[in-house]
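**Student:** In this text, residue positions in the sequence shown follow the numbering used here: the first is 16, and each later residue adds one. Ideal placement from N, C-alpha and C gives every residue a C-beta, glycine not left out.
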Amino acid sequence: MKYVTFLLTFPLTFSYNFLVFCPLFGHSHTTFFAKIADTLSDAGHNVTFFTPTVTRKYEKINYVRSTKNVIHLEPSEKLALIGDKFQMSDPSKFWKQDSSIYEILPMIDTFFEMFVELTKVLEENLELLDKLKEENFDVMIFENIVPPAYSVLDYLQIETFIPSTSIAFDNSLLYSIGEPFMPSAIPFPISEFSDRMSFSERLINSISIPIMNTFLPKREFKSFRPPYSFIEMASLEPLSSFIFTNSNSYIDYPRPTLEKNVQIGGISVEMAKLRNMKVDEEWDRILNMRSKTVLISFGSFMLSKDMPLEYKYRLASETLALQFANQPVKPKELLVRHAEFAARFGRLPSLDPYSRHMSFIEYFLIDIAFVGSISLFLISFVLFLITKQTFSFIRFMLSSAAKLKSD
């Protein structure tokens, strides 16, 4: 009994092996995935942070703190040029409400060009991937909008994976896993609409998605293994154990979600640390130039300096801070528990809704409505004929009775 008591004083913990794949092309994007890596490392797991360089501007920044195994990969000359081109793009127009879907297409082309070249760089460094393969990772976590991640996943032959997104809403990913998306109440991510739309806004919101999908490049990249077949992302995404999204239900528009969609928005926010944090001397000097100054940062892509001067928003910051500090389940806990669950149980068919296999007509019960309408019409028509015959018979009987009476 003493031996049993002695053993119980030490909690039984299992350390899993995670690979976090995060190409270095954006500061806020890399910060988000570095936080995922550090959170898993802090939970006692073995984490490898694989971050091929795309934009040299960020390569000297140490994004991870707890994660010790960090692997870099130098870009090709062409990839470095594309990274510079991406950084020189002007995102300020996306702050304006009159920005259209067509203005984002050139940036999408740059993204696609970047990923094609990144795939070539990875394929030219298979010896590095071979070393990673020897690690026998339990789970791979990566940004869903980075197609080369699926080529790496396929080459390393990792069965369990968690596609993630550093933005709050990726409609293509949510559609792939079967999460309901109602354009009547859920605005398209790059639209200016809220969840309360007029008829014209609902119309524009509804056609934006098929238009976007028409212009988007096909999301297929070749495998690094023989027979070098194409990997279709949309067919692989539903096989994921979970997806991590950088969203938070206390801020986003209310909408139906699946259990498979784990919202870890706010994972980088540490309220206690923020309250005690001090800015560096340069920012302290700038903020002290006026008695009331607020420092706002949205990351490396959407710059706060580009915010239109004619629009000023006052957020209920104190209420929001209280909500973040008192969430029923903290984002870090959600991340760790679901990542460990995926590592232990692998793919979870029970979280894959059959509804994603249904056609538009089946999903929205159009066939049921059609059959119901036809049935209702036939029943109404039969009742009409019966009623008509009944009134005709009554009329005949009344006229016959009147004739007999007159005779």
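Enumerate in chain order the residues of its own chain whose CB-to-CB distance from Thr-125 is below 8 Å, with the five nearest sequence positions on each side excluded.
**Tutor:** Numbered from its first residue, the sequence shown carries residue 125 at position 110. Contacts found: Ile-97, Lys-100, Phe-101 and Ser-104.
**Student:** Select from Ser-244, Met-197, Val-154 and Pro-343 the residue whose C-alpha is nearest the C-alpha of Pro-271.
**Tutor:** The residue given as residue 271 occupies position 256 in the sequence shown. Checked all of Ser-244, Met-197, Val-154 and Pro-343; the closest Cα to Pro-271 is Met-197.
**Student:** Mapping DSSP to helix, strand and coil, what is Gln-404?
**Tutor:** Reading the sequence shown from its first residue, position 389 is the one you call residue 404. Helix at Gln-404.
**Student:** By how many angstroms is the C-alpha of Glu-174 removed from the C-alpha of Pro-90?
**Tutor:** Within the sequence shown, numbered from 1, the residue matching residue 90 stands at position 75. Within the sequence shown, numbered from 1, the residue matching residue 174 stands at position 159. One C-alpha to the other measures close to 28 Å.
**Student:** Just grab the DSSP bridge partners of Phe-236 for me.
**Tutor:** Numbered from its first residue, the sequence shown carries residue 236 at position 221. Answer is Ile-246.
**Student:** Determine, using beta carbons only, whether Ile-279 and Leu-350 come nearer to each other than 8 Å.
**Tutor:** By one-based count along the sequence shown, residue 279 stands at place 264. By one-based count along the sequence shown, residue 350 stands at place 335. Yes, these two residues count as a Cβ contact at 8 Å.
**Student:** Spatial neighbours of Thr-180 within its chain, please: CB distance less than 8 Å, with the 5 preceding and 5 following residues excluded, ordered by chain position.
**Tutor:** Along the sequence shown, read from residue 1 onward, the residue named residue 180 stands at position 165. Within the same chain, Thr-180 has close Cβ partners Glu-158, Asn-159, Ile-160, Leu-188, Ile-258, Phe-259, Thr-260 and Asn-261.
**Student:** Is DSSP giving Phe-208 helix, strand or coil here?
**Tutor:** Taking the first residue of the sequence shown as position 1, residue 208 is located at position 193. If DSSP states are grouped into helix, strand and coil, Phe-208 belongs with coil.
**Student:** Relative to the C-alpha of Tyr-268, which candidate in Lys-418, Ser-56 and Pro-204 has its C-alpha closest?
**Tutor:** Taking the first residue of the sequence shown as position 1, residue 268 is located at position 253. Answer by Cα proximity: Pro-204.
**Student:** Does DSSP classify Tyr-268 as helix, strand or coil?
**Tutor:** Translated into the one-based positions of the sequence shown, residue 268 becomes position 253. Three-state DSSP puts Tyr-268 in coil, outside helix and strand.
**Student:** Can you tell me which of Thr-45, Thr-82 and Asp-57 puts its alpha carbon nearest to the alpha carbon of Pro-67?
**Tutor:** The residue you call residue 67 lines up with position 52 of the sequence shown. When only C-alpha atoms are compared, the closest one is Thr-45.
**Student:** Check each candidate in Tyr-165, Gly-361 and Ile-219 and name the one with the smallest Cα separation from Phe-130.
**Tutor:** Locating residue 130 in the sequence shown gives position 115, counting from the first residue. Looking at the Cα atoms, Tyr-165 is the closest of the given residues.
**Student:** In this structure, what does DSSP give as the bridge partners for Val-35?
**Tutor:** Start at 1 with the first residue of the sequence shown, and residue 35 comes out as number 20. Looking at the DSSP assignment, Val-35 forms a beta bridge with Phe-64 and Ile-156.
**Student:** Note the first and the last residue of the continuous alpha helix (DSSP H) segment covering Pro-202.
**Tutor:** For the purposes of this step, residue 202 is identified with residue 187 of the sequence shown, where counting begins at 1. Element bounds for Pro-202: n/a, residue is neither H nor E.
**Student:** Is Tyr-326 helix, strand or coil by DSSP?
**Tutor:** Residue numbering aside, residue 326 sits at position 311 when the sequence shown is read from its first letter. Confidence at Tyr-326 is low in this model, with a pLDDT of 49, below 50, so its placement is unreliable and no value can be given for it.
**Student:** Let me check one thing: in DSSP terms, what residues is Ser-415 bridge-paired to?
**Tutor:** Within the sequence shown, residue 415 is the residue found at index 400, counting from 1. Beta-bridge pairing links Ser-415 to no other residue.
**Student:** Give me whichever residues DSSP pairs with Ser-179 in a beta bridge.
**Tutor:** By one-based count along the sequence shown, residue 179 stands at place 164. The partner list for Ser-179 (beta bridge, DSSP) reads Glu-158 and Phe-259.
**Student:** Which residue wins for smallest C-alpha separation from Ser-250, given the options Val-35, Glu-348 and Arg-371?
**Tutor:** Working through the sequence shown from its first residue, we reach residue 250 at position 235. Of Val-35, Glu-348 and Arg-371, the residue nearest in Cα terms is Arg-371.
**Student:** Does the separation of the CB atoms of Val-167 and Phe-36 fall below 8 Å?
**Tutor:** Translated into the one-based positions of the sequence shown, residue 167 becomes position 152. Translated into the one-based positions of the sequence shown, residue 36 becomes position 21. Yes. Within cutoff.
**Student:** Along the chain, where does the alpha helix (DSSP H) that runs through Gln-102 open and close?
**Tutor:** The sequence position of residue 102 within the sequence shown is 87, counting from 1. Gln-102 -> alpha helix (DSSP H) spans 92-102.
**Student:** Residues bridged to His-87 by DSSP?
**Tutor:** Locating residue 87 in the sequence shown gives position 72, where the first residue counts as 1. Answer is Thr-66, bridged to His-87.
**Student:** Reducing DSSP to helix, strand and coil, say where Val-167 ends up.
**Tutor:** The residue you call residue 167 lines up with position 152 of the sequence shown. DSSP places Val-167 in helix when its eight states are reduced to three.
**Student:** Please classify Asp-153: is it buried, with 16 or more other beta-carbons within 10 angstroms of its beta-carbon, or exposed?
**Tutor:** Along the sequence shown, one-based indexing puts residue 153 at 138. Buried: at least 16 other Cβ atoms inside 10 Å.
**Student:** Pop quiz: Ser-56 and Ser-81 are said to be a contact at Cβ under 8 Å. What is the actual Cβ separation, rounded to whole angstroms?
**Tutor:** Residue 56 sits at position 41 when you count from the first residue of the sequence shown. Residue 81 sits at position 66 when you count from the first residue of the sequence shown. At roughly 4 Å, the Cβ-Cβ gap stays under 8 Å, so Ser-56 and Ser-81 are in contact.
**Student:** Going by the CB atoms, is the gap between Leu-141 and Leu-171 shorter than 8 Å?
**Tutor:** Locating residue 171 in the sequence shown gives position 156, counting from the first residue. Locating residue 141 in the sequence shown gives position 126, counting from the first residue. Result no, Cβ atoms of Leu-171 and Leu-141 do not sit closer than 8 Å.
**Student:** In the structure shown, what three-state DSSP assignment does Asn-341 receive?
**Tutor:** For the purposes of this step, residue 341 is taken as the residue at position 326 of the sequence shown. Correct three-state label for Asn-341: coil.
**Student:** Which of helix, strand or coil does DSSP assign to Asn-220?
**Tutor:** One-based indexing of the sequence shown puts residue 220 at position 205. In this structure, Asn-220 counts as helix in the three-state DSSP scheme.
**Student:** Name the DSSP beta bridge partners of Gln-278, please?
**Tutor:** Here residue 278 refers to the residue found at position 263 of the sequence shown. Paired residue(s): Thr-260.
**Student:** I'd like the list of long-range same chain contacts for Asp-53, defined as Cβ closer than 7 Å, with 5 residues on each side in sequence excluded.
**Tutor:** Sequence index remark: in the sequence shown, residue 53 carries index 38 (1-based). Only Val-79, Arg-80, Ser-81 and Thr-82 meet the Cβ criterion.
**Student:** Here's a check: name, in chain order, each residue in its chain whose Cβ is nearer than 7 Å to the Cβ of Asn-151, leaving out the five neighbours to either side.
**Tutor:** For the purposes of this step, residue 151 is taken as the residue at position 136 of the sequence shown. So the list reads Asn-32, once near-sequence residues are dropped.
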